[in-house]
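Under my numbering, residues 461 to 904 are what the sequence shown spells out, in order.
Where a beta carbon is used, it is the ideal one built from N, C-alpha and C, also for glycine.
Since this is a predicted model, take the numbers as computed values, not measurements.
Read through the structure below, which is laid out as structure tokens, and then see the notes.
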Amino acid sequence: MNVTVFGSGYVGLVTGACLAEVGNNVMCVDVDPAKIELLQSGGVPIYEPGLDEMIARNRKAGRLAFTTDAKQGVDHGLFQFIAVGTPPDEDGSADLQYVLAVAQTVAEHMSDYKILVDKSTVPVGTGDQVAARVRETLDKRDASLEFDVVSNPEFLKEGAALDDFMRPDRIVIGTDNPRTGELLRALYAPFNRSHDRLVLMDVRSAELTKYAANAMLATKISFMNELSNIAERVGADIEQVRIGIGSDPRIGYQFIYPGCGYGGSCFPKDVRALEQTALAVGYTPELLHAVEAVNFRQKEMLFDKISAFFNGDLKGKTVALWGLAFKPNTDDMREASSRVLMERLWAHGAQVRAFDPVAMEEARRIYGERADLMLCDNAEQAVDGADVLAVVTEWIEFRSPSFDHLAKSLAHRAIFDGRNIYRPSAVSAAGLKYYGIGRNSPAQ
């Protein structure tokens with residue numbers, strides 16, 4: 461099938477590459493000439509394990525192309541995927557200007573039946589707005605052309621996006637036209653072979669499903685973080701509590717890891733956008749507000765612990781920081797806990813020596829060159845000359861360090877474990893002080 465994808469960011473590139481991988485002819489369109497030039501020359505503007513190889517393989521096979529020519533893109537595909545950004549407005553609601561701009565572009569250039577597929581994460585009712593924009597633009601052209609608008613939300617985890625797309629848990633299709641649903645079923649057939657993963661529903665329900673999924677996962681994280689703060693105060697170990705409740709199959713072990721807060725491009729934005737959606741229809745979503753409030757507070761936790769360790773006097777102190785990305789296997793630092801910690805440390809006169817296996821260039825892009833930030837070549841270099849260590853991202857390579865080496869390198873011999881990846885007893889045995897999240901039990 462011929463497929464066009466508008467937007468060559470994270471979702472657009474993964475969608476385009478994976479659809480090409482199973483034999484479709486895909487054209488990705490973007491308004492950024494520099495990004496398209498990079499892609500045409502073999503580069504990839506984002507980090508996602510395996511994506512560069514998949515793009516190169518399908519470009520070589522002639523199944524994947526990149527262009528800034530919107531008309532060429534509209535002419536190419538029956539399916540017009542909309543995978544552009546929906547950044548938050550000042551009130552937290554999703555900004556739909558780029559989604560609606562694509563809808564207008566398709567309507568300006570289409571000459572036959574098209575299926576517009578909302579892949580971007582959008583509020584309930586966006587499908588109606590897209591359809592209205594297409595209809596309005598066609599009317600201005602005095603053109604009577606058939607089209608359909610479909611909601612097909614993505615459920616991609618950064619760092620595992622290719623596997624999520626190629627082996628999906630579910631494929632949600634929101635459409636009010638049974639014929640369109642069958643066309644989408646045919647497009648997704650290669651990903652739907654072992655058992656039927658396709659979930660057909662109406663457009664508004666599909667739009668809400670995406671927000672509901674992310675809000676539910678964010679709620680689990682904030683709930684565990686709330687419990688971790690209670691555990692610290694009552695002398696319990698949240699890791700033992702986690703195992704105790706996770707063994708209940710009704711709860712499970714996924715997304716119940718306490719830590720120093722969630723970040724990234726999805727959970728924070730989507731929780732706020734869903735809250736704004738509720739407020740716009742006259743409903744106050746108290747739970748969603750609490751989820752975001754707990755997360756905001758949790759991101760301050762590592763700074764509060766480090767500040768308390770130094771009795772509030774951080775001036776001249778140096779903190780080694782392991783992990784800058786909001787999670788492992790990505791270079792994404794959007795709303796990352798590392799940014800909150802570093803900025804608070806700098807505001808109180810401390811210096812930071814940081815290392816991340818992938819996100820160093822992103823940190824340079826965000827912060828530039830500054831005297832109170834040293835971006836180091838490796839984890840060992842980051843701790844040299846530091847007073848204490850803070851672990852913010854649970855990269856695999858951070859999980860088994862030499863605690864003896866850390867004890868010799870850190871002037872104040874303390875580790876602040878923002879992801880609870882170490883056994884406190886192992887840290888203490890090396891002569892280091894250990895400060896985790898919700899871990900004050902003597903049974904640690």
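Using C-beta distances below 8 angstroms, list every residue in its chain close to S604, excluding the 5 sequence neighbours before and after it, in chain order.
As a position in the sequence shown, residue 604 is number 144, starting the count at 1. Excluding residues within five positions, the ones whose Cβ falls inside 8 angstroms are L598.
Please list the terminal residues of the continuous beta strand (DSSP E) segment that includes I575.
Numbered from its first residue, the sequence shown carries residue 575 at position 115. Unbroken beta strand (DSSP E) run through I575: K574 to D578.
Relative to the ligand HEM, is the shortest distance from any of its heavy atoms to the C-beta of S888 smaller than 7 angstroms?
Ligands in the displayed structure: none, and consequently the ligand HEM is not present.
Using 8 angstroms as the threshold, is the C-beta distance between C478 and F683 below it?
Looking up residue 478 in the sequence shown gives position 18. Looking up residue 683 in the sequence shown gives position 223. Taking 8 angstroms as the Cβ cut-off, C478 and F683 do not qualify as a contacting pair.
Applying the criterion that 16 or more other CB atoms from any shown protein chain within 10 Å of the CB defines a buried residue, is I897 buried or exposed?
Residue 897 sits at position 437 when you count from the first residue of the sequence shown. That one is buried.
In the DSSP assignment, find the unbroken beta strand (DSSP E) run with K893 in it and report its ends.
By 1-based counting over the sequence shown, the position of residue 893 is 433. Note, K893: beta strand (DSSP E), K893 to Y895.
For G472, does the count of other Cβ atoms within 10 angstroms reach 16, so buried, or fall short, so exposed?
In the sequence shown, counting from the first residue as 1, residue 472 sits at position 12. G472 should be labelled buried.
Kindly provide the ranges of any alpha helix (DSSP H) runs that are 4 or more residues long and lie completely inside the stretch 497 to 564, ordered along the chain.
Here the runs fully enclosed are 511 to 520 and 530 to 536.
Is G634 helix, strand or coil by DSSP?
Position 174 of the sequence shown holds residue 634. DSSP places G634 in strand when its eight states are reduced to three.
Might you give, ordered along the chain, the residues of its own chain that have their beta carbon closer than 7 angstroms to the beta carbon of V491, omitting 5 neighbours on each side?
Here residue 491 corresponds to residue number 31 of the sequence shown, with the count starting at 1. For V491, where only same-chain residues beyond five positions count, the Cβ hits under 7 angstroms are T528.
State the beta-bridge partners of L660 as determined by DSSP.
Here residue 660 is taken as the residue at index 200 of the sequence shown, counted from 1. Note: L660 sits in a beta bridge opposite I633.
Do the stretch 762 to 771 and the stretch 803 to 810 touch if we need at least three Cβ pairs shorter than 8 angstroms?
Counting Cβ pairs under 8 angstroms, three or more are found: they touch.
Starting from the Cα of S571, find the closest Cα among V534, V590 and S553 and give me that residue.
As a position in the sequence shown, residue 571 is number 111, starting the count at 1. Checking every option, the nearest Cα to that of S571 belongs to V534.
Beta-carbon within less than 7 angstroms of K759's beta-carbon, same chain only, minus the 5 sequence neighbours each way: which residues are those?
Taking the first residue of the sequence shown as 1, we reach residue 759 at position 299. C720, G721, S797 and V800, listed in sequence order.
Would you kindly check if the distance between the Cβ of T853 and the Cβ of D816 is under 8 angstroms?
Reading the sequence shown from its first residue, position 356 is the one you call residue 816. Reading the sequence shown from its first residue, position 393 is the one you call residue 853. For D816 and T853, yes; Cβs fall inside 8 angstroms.
Within 10 angstroms of the Cβ of L499, are there 16 or more other Cβ atoms? Answer buried if so, exposed if not.
The residue labelled residue 499 in the question sits at position 39 within the sequence shown. By the 10 Å Cβ count, L499 comes out buried.
Just to confirm, are A480 and L538 a CB contact at a threshold of 8 angstroms?
Along the sequence shown, read from residue 1 onward, the residue named residue 480 stands at position 20. Along the sequence shown, read from residue 1 onward, the residue named residue 538 stands at position 78. Not a contact, by the Cβ cut-off of 8 angstroms.
Quick check on DSSP: helix, strand or coil for V463?
As a working mapping, residue 463 is identified with position 3 in the sequence shown. Strand, per DSSP.
Does DSSP put M570 in a helix, in a strand, or in coil?
Start at 1 with the first residue of the sequence shown, and residue 570 comes out as number 110. Coil, per DSSP.
Give me whichever residues DSSP pairs with W782 in a beta bridge.
As a first step, residue 782 must be located in the sequence shown, where it is residue number 322. For W782, which the question treats as bridged, DSSP gives the partners F815 and V851.
Could you pull the start and end residues of the alpha helix (DSSP H) that D492 belongs to?
Locating residue 492 in the sequence shown gives position 32, where the first residue counts as 1. Neither: D492 is in no alpha helix (DSSP H) and is coded neither H nor E.
What does a CB cutoff of less than 7 angstroms around R645 pick up in its chain, not counting 5 residues either side in sequence?
As a first step, residue 645 is located in the sequence shown; it is residue number 185 there, counting from the start. These residues qualify, in order along the chain: L658.
Go ahead and label T586 buried or exposed: buried means 16 or more other beta carbons lie within 10 angstroms of its beta carbon, across all protein chains shown.
Along the sequence shown, one-based indexing puts residue 586 at 126. With 16 or more Cβ atoms within 10 Å of its Cβ, T586 is classed as buried.
With DSSP run on the structure shown, which of helix, strand or coil describes M793?
Indexing the sequence shown from 1 puts residue 793 at position 333. Here M793 sits in coil by DSSP.
Beta strand (DSSP E) containing F876: first to last residue?
In the sequence shown, counting from the first residue as 1, residue 876 sits at position 416. F876 -> beta strand (DSSP E) spans A874 to D877.
Got a sec? Which residues, its chain only, sit under 8 angstroms from L835 by beta carbon, not counting five neighbours each side?
On the sequence shown, position 375 is the one that residue 835 refers to. Excluding positions up to five away in sequence, the list reads A814, F815, M820, A823 and R824.
For F651, report the span of its beta strand (DSSP E) as first-last.
Residue 651 sits at position 191 when you count from the first residue of the sequence shown. Careful: F651 lies outside any beta strand (DSSP E) and carries neither H nor E.
When we look at the beta-carbon of P547 and count the other beta-carbons within 10 Å, is it buried (16 or more) or exposed?
As a working note, residue 547 is residue 87 in the sequence shown. With fewer than 16 other Cβ atoms within 10 Å, it is exposed.
In angstroms with no decimal places, state the Cα-to-Cα distance between I496 and F526.
Taking the sequence shown and counting its residues from 1, the one referred to as residue 496 is at position 36. Taking the sequence shown and counting its residues from 1, the one referred to as residue 526 is at position 66. So the alpha carbons of these two residues sit roughly 6 angstroms apart.
By DSSP, does A477 sit in helix, in strand, or in coil?
Looking up residue 477 in the sequence shown gives position 17. Three-state DSSP puts A477 in a helix.
Quick one: using the 10 Å Cβ neighbour count with 16 as the cut-off for buried, is G828 buried or exposed?
On the sequence shown, position 368 is the one that residue 828 refers to. Exposed, by the Cβ-count rule.
Can you tell which of F541, S553, D636 and E550 has its C-alpha closest to the C-alpha of S580?
On the sequence shown, residue 580 is found 120 positions in, with the first residue counted as 1. The shortest Cα separation from S580 among F541, S553, D636 and E550 belongs to F541.
Please report the distance separating the alpha-carbon of G469 from that of M661.
One-based indexing of the sequence shown puts residue 469 at position 9. One-based indexing of the sequence shown puts residue 661 at position 201. About 27 angstroms.
From A903 to Y882, what does the alpha carbon distance come to, in whole angstroms?
Taking the first residue of the sequence shown as 1, we reach residue 903 at position 443. Taking the first residue of the sequence shown as 1, we reach residue 882 at position 422. Note that A903 scores a pLDDT of 38, beneath 50, so its modelled location is shaky and nothing firm can be said.
Could you tell me the alpha carbon to alpha carbon distance between N900 and M793, rounded to whole angstroms?
Against the sequence shown, residue 900 aligns to sequence position 440. Against the sequence shown, residue 793 aligns to sequence position 333. Approximately 30 angstroms between the Cα atoms of the pair.
Among the residues of its own chain, which have a CB less than 7 angstroms from the CB of E746, if the five just before and after it don't count?
Residue numbering aside, residue 746 sits at position 286 when the sequence shown is read from its first letter. So no residue of the chain qualifies.
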